[in-house]
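Taking it in order: structure first as structure tokens, then the write-up.
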Amino acid sequence: MATEARKTAIPKFPLRPMPSVRRTEEVFSEKEGVSLNLFINVAVAEKLARLGHEEWTRKPKEPTKELDKASKKRVEPGDELPKGYRAKRR
């Protein structure tokens, strides 16, 4: 039925790049010494990592909120901040 949940892993995914892009992919995958499939997978993974990083940097204060909370644990010897230390935040 149409209401069935879509599978997350698709065994085969038809990809139809433009001929010029395909030739360039083949040239660079050969230079890298990897299969075309691996080259495309790595390129997509790099793009996704870049997009994720850009999204993370647009919200720089969210990741540091937890770091700003005071801990109830005692500071271990040698981990103390130097006297006069001031945190620098954006």
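In terms of my numbering, the sequence shown opens at residue 1419 and continues consecutively.
For each residue, glycine too, the CB sits at the ideal point set by N, CA and C.
Inter-residue spacing [alpha-carbon to alpha-carbon] between residue i and residue j
i: residue 1438; j: residue 1475; result: 34 Å
i: residue 1462; j: residue 1435; result: 13 Å
i: residue 1492; j: residue 1440; result: 59 Å
i: residue 1452; j: residue 1431; result: 19 Å
i: residue 1488; j: residue 1469; result: 32 Å
i: residue 1495; j: residue 1502; result: 18 Å
i: residue 1477; j: residue 1506; result: 17 Å
i: residue 1504; j: residue 1467; result: 32 Å
i: residue 1456; j: residue 1483; result: 38 Å
i: residue 1429; j: residue 1497; result: 50 Å
i: residue 1449; j: residue 1442; result: 11 Å
i: residue 1447; j: residue 1490; result: 53 Å
i: residue 1472; j: residue 1460; result: 18 Å
Presumed contact (8 Å Cβ cut-off) between residue i and residue j, rounded CB distance
i: residue 1454; j: residue 1444; result: 6 Å
Under 8 Å between C-beta atoms of residue i and residue j
i: residue 1458; j: residue 1433; result: yes
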